[in-house]
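Numbering (my numbering), first residue to last: 8 to 85.
No residue lacks a Cβ here, since even glycine has one placed at the ideal position from N, Cα and C.
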């Protein structure tokens with residue numbers, strides 16, 4: 008999936024946030040669940056590889072944004 012393309016589950020979440028009909032909301036939530044299950048399976052197949060953003064930084068698997076790891080800090084507790 009291209010970085011510019013918003014992921015299906017995220018589009019469905021936006022749709023659910025604005026849905027007024029309870030039956031349609033439930034249907035959208037089921038679509039979100041199915042889309043996230045597919046994403047989880049795809050990520051498990053990929054393994055622990057890091058995808059790189061055009062900037063050369065690793066990308067977040069959930070939102071696709073670059074993650075500057077050199078600025079993250081941890082202590083003895085993780």
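Using C-beta distances below 7 Å, list every residue in its chain close to residue i, excluding the 5 sequence neighbours before and after it, in chain order.
| i | result |
| --- | --- |
| residue 35 | 19, 22, 23 and 26 |
| residue 29 | none |
If I follow the unbroken alpha helix (DSSP H) through residue i, where does it start and stop?
| i | result |
| --- | --- |
| residue 28 | First-last for residue 28: undefined, no H or E at that position. |
Once you ignore the five residues that flank residue i on each side, which residues in its own chain have a CB closer than 8 Å to its CB?
| i | result |
| --- | --- |
| residue 16 | 39, 42, 43 and 46 |
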